[in-house]
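Protein sequence lines correspond, in order, to chains A and B. Throughout the first sequence, residue numbering follows this note's numbering, covering 1140 to 1478 in sequence. Throughout the second sequence, residue numbering follows this note's numbering, covering 1140 to 1478 in sequence. We put the CB at the ideal spot given by N, CA and C, even for glycine. Predicted model, so just to flag it, every value in this text is computed and none were measured.
Protein chains: 2
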Amino acid sequence: MQEVRLVFLGFGNVGKALAKLLLKKESELKDKFQLGFKVTGIATGRHGQAVNPDGIDLAFALETDDYSKLGRIAVGDARDFIAKAQGDVLFENSPVNYETGQPAVDHLRWALEHGMHAITANKGPVVHAYRELSGIARQAGRRFLFESTVMDGAPIFSLFRGALPGANLISFKGVLNSTTNMILTRMEDGACFESAVRYCQEIGIAETDPSGDIDGWDAAVKVSALATVLMETPLKPSQVDRTGIREISLESVQQAKAQGKRWKLVCSLEKDGARVHARVHPELVGTDSPLYGATGTTSIVQFQTDVLGLLSVVEADPGPHTTAYGLFADFLTAMGKTS
Amino acid sequence: MQEVRLVFLGFGNVGKALAKLLLKKESELKDKFQLGFKVTGIATGRHGQAVNPDGIDLAFALETDDYSKLGRIAVGDARDFIAKAQGDVLFENSPVNYETGQPAVDHLRWALEHGMHAITANKGPVVHAYRELSGIARQAGRRFLFESTVMDGAPIFSLFRGALPGANLISFKGVLNSTTNMILTRMEDGACFESAVRYCQEIGIAETDPSGDIDGWDAAVKVSALATVLMETPLKPSQVDRTGIREISLESVQQAKAQGKRWKLVCSLEKDGARVHARVHPELVGTDSPLYGATGTTSIVQFQTDVLGLLSVVEADPGPHTTAYGLFADFLTAMGKTS
């Protein structure tokens, strides 16, 4: 039985969902994978941080806001926290920064430098520091993993790493932003744009300022991450040819519906020699397209490779628990528990 | 650079497609995976067999029917062939036997006993000897792999092995038989049942006696394989509650079409404690179901696990080359080239 020391940097919805999943799977991890774990550090934005080499009571951590009761060792900033938590695995879940990827990039680098596996659900570091962090991880014999950054827990990066060995991605098409997809679905059901946005805010999938989703930035960041990792072609979100859904009127949605079609905010990537064409644009799709069936918060990717016909992956009902599963899957991958 | 000795038992459409894929990927295997290969044995049903420890000229083997020109060593039966070919990997592609899985089960066992990895596209051994062959493989430190048996090269078994670690399959639904799906699609376009069957025979996806597909046996075997491997519950095709598509009239297909629905031969599996409910039945599906969009030869699976929302995998345009890719992916997996 191996005992792994886990460290949480960020303990919001996703971090807490991961903690719950780990507790739920605790005995299964022992029985199936001979893996035990203890949590030696939890850092939050709001409630401070706790470090305890003997292991923090995770169930209690899910309930309390008083981190002084959880920790045993005093720590300073994030760098000091990572050093003193002395973990084997860092789960990095700080807020995303589309422009620079910071401070997540630093957190992950420090973790790798301390001999930890670095796992994140944060898209920023993938887009801004994939090569750097992968390089450090390789040299340290550790892993930098980020399955949850695109379509949360659904296997995308692990698909190409493990399930499609020797396959080369030629092109990609998909619906990757749940918020805009839900807005369009609500408009099909007759809601106006503003009321559809409000609905998404109410169910917790849109921010107070929803422009990151609506203007296609979130989709563009995901497209950049896919190009950077799966096509080995670094691409910044600003290099993506991007149009959001602001110009799609209720009338146009209803007109499409009458013709048996649907508007989708379609992400696409195409490899053309050393160059990559990346695009986020609204498209009309018909019932003959697998994209048609992806409504509400459902996401879909379609991969064209050099070895198979069109291969699609569809994920329904995402949430913090499915993002948490992506982190959990990365954890098992880092521990060598895949085959 | 590692040089791997490959042996082909069965060299029909799929075996030949695999040989072509290996030749196409030869330099990529060297560059990316530090893997070289030579083919030390090819056995066919019609043209005899060839064994050559120095390596058979694979490009020439794809063109000639004169196997005396390929081999260097005389061999007797299949067992003798496997022994003398002295390979590291056996690609078993003999014709499927739904009742017993033989002779493929013997071929794979002999290969494992000779220290080879055993890879097959043949469903018979998975349904009839999964535990036995997996056990022998484990003891020998080798792999028994069969990705191509369900949805050919699309990742299904590898998904749970590698990309969804720690996930438990609760239930499954899908369209797994291309022939019946194509027949139903042709009937939607107005063809009668008999003419739709003839079309499938013409394009090479239905046998002269198409009853294995039409009566749901092929689908039932695939469902059994999924239950046996992914739910660790051995299940024989005869235990699947099975109805084929013979009773679906052209009128009923057209009536469904008028209502915006489609008939699909739906496979399903549900885990209920230690028991598994397995079913192959025609079902009417609407545009709200991801199954609706899977027309013609497209296959789809939908997985309900304990960690994600509904996860679907859709594969379009299957053929011998995609089955060959499944074998190729298994080869890389056996060589430890996944991560």
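Check: Member of B:THR1437, B:THR1367, B:VAL1153 whose CA lies at the smallest distance from the CA of PHE1467 (chain B); Outcome: B:VAL1153
Check: PRO1457 (chain B): contacting residues in chain A (beta-carbon distance under 9 Å); Outcome: LEU1447, GLY1448
Check: Test: TYR1431 (chain A) CB closer than 9 Å to a CB of chain B; Outcome: yes
Check: Own chain partners of ILE1384 (chain A) with C-beta closer than 7 Å, once the 5 adjacent residues on each side are dropped; Outcome: THR1319, ILE1322, LEU1323, ILE1353, LEU1404, PRO1421
Check: For SER1451 (chain B), the first and last residue of its enclosing beta strand (DSSP E); Outcome: 1450 to 1454
Check: Proximal chain B residues relative to GLY1240 (chain A), where beta-carbon distance stays under 9 Å; Outcome: Ordered by position in chain B, no residue passes the 9 Å Cβ test against GLY1240 (chain A), which lies about 23 Å from the chain.
Check: Interface positions of the stretch 1291 to 1322 of chain A facing chain B (Cβ-Cβ less than 7 Å), listed along the chain; Outcome: GLY1292, ALA1293, PRO1294, SER1297, LEU1298, ARG1300, GLY1301, ALA1302, LEU1303, PRO1304, GLY1305
Check: Any chain B beta carbon closer than 9 Å to THR1367 (chain A); Outcome: no
Check: Among A:ALA1395, A:GLN1141, A:GLY1149, A:ALA1189, the one whose alpha carbon lies nearest that of ALA1463 (chain A); Outcome: A:GLY1149
Check: Residues near THR1347 (chain B) in its chain [Cβ-Cβ closer than 8 Å; skip 5 each side]; Outcome: GLN1340
Check: Cα-Cα separation between ALA1156 (chain B) and HIS1460 (chain B), rounded to whole angstroms; Outcome: 5 Å
Check: Segments assigned alpha helix (DSSP H), at least 4 residues, entirely inside the stretch 1261 to 1332 of chain A; Outcome: 1262 to 1279, 1317 to 1327
Check: Reduced DSSP category for ASP1445 (chain A) - H, G, I as helix; E, B as strand; rest coil; Outcome: coil
Check: Cβ of TYR1269 (chain B) within 9 Å of any chain A Cβ; Outcome: no
Check: Cβ-Cβ separation, SER1438 (chain B) to SER1297 (chain B) (assumed contact under 8 Å), whole Å; Outcome: SER1297 (chain B) to SER1438 (chain B), Cβ: 16 Å. No contact.
Check: Any C-beta of chain A under 9 Å from that of LEU1408 (chain B); Outcome: no
Check: Inside the stretch 1393 to 1421 of chain B only - alpha helix (DSSP H) runs reaching at least 4 residues; Outcome: none
Check: Range covered by the beta strand (DSSP E) that runs through ALA1182 (chain B); Outcome: 1174 to 1182
Check: Interface residues of chain A facing THR1324 (chain B) [CB-CB closer than 8 Å]; Outcome: Within 8 Å Cβ-Cβ: nothing; THR1324 (chain B) doesn't reach chain A, min ~11 Å.
Check: Residue span of the beta strand (DSSP E) that contains HIS1256 (chain A), given as start and end; Outcome: 1256 to 1259
Check: 7 Å Cβ cut-off: residues of chain B touching GLN1461 (chain A); Outcome: Reading off the sequence, residue 1461 (chain A) comes out as Thr, not Gln. The answer, in chain order, is LEU1447, GLY1448.
Check: Boundaries of the beta strand (DSSP E) in which GLU1142 (chain B) is found, first to last residue; Outcome: 1141 to 1148
Check: Members of the stretch 1164 to 1177 of chain A near chain B, C-beta cut-off 8 Å; Outcome: LYS1164, GLU1167, LEU1168, LYS1171, PHE1172
Check: Whether LYS1361 (chain B) touches VAL1289 (chain B) by CB criterion (9 Å); Outcome: yes
Check: Residue from A:GLU1386, A:GLY1432, A:CYS1406 with nearest C-alpha to LYS1400 (chain A); Outcome: A:GLY1432
Check: Cross-strand partners of ASP1380 (chain A) (DSSP beta bridge); Outcome: A:ARG1418
Check: Proximity winner among B:ASP1196, B:VAL1228, B:TYR1206, relative to VAL1146 (chain B) (alpha-carbon distances); Outcome: B:VAL1228
Check: GLN1366 (chain B) - containing alpha helix (DSSP H), residue span; Outcome: For clarity, residue 1366 (chain B) is Ala in the given sequence; the question names Gln instead. ALA1366 (chain B) -> alpha helix (DSSP H) spans 1356 to 1369.
Check: Whole-Å CB distance - THR1477 (chain A) paired with GLY1301 (chain A), under 8 Å assumed; Outcome: 6 Å
Check: Residue-level contact to chain B via CB, VAL1392 (chain A), 9 Å cutoff; Outcome: no
Check: N- and C-terminal bounds of the beta strand (DSSP E) containing LEU1229 (chain B); Outcome: 1228 to 1231
Check: Cα-Cα separation, ASP1104 (chain A) to ILE1309 (chain A); Outcome: Because chain A spans 1140 through 1478 in this model, residue 1104 (chain A) falls outside it and cannot be assessed.
Check: Beta carbon proximity, GLU1454 (chain A) to chain B, threshold 9 Å; Outcome: yes
Check: 7 Å Cβ cut-off: residues of chain B touching TYR1464 (chain A); Outcome: VAL1446, LEU1447
Check: Chain A contact residues for SER1388 (chain B), given Cβ-Cβ distances below 8 Å; Outcome: The premise fails here: SER1388 (chain B) is roughly 23 Å from chain A at the closest Cβ pair, so nothing lies under 8 Å.
Check: SER1317 (chain B) Cβ short of 8 Å to the ligand NAD heavy atom set; Outcome: Absent from the structure shown: the ligand NAD. Ligands present: none.
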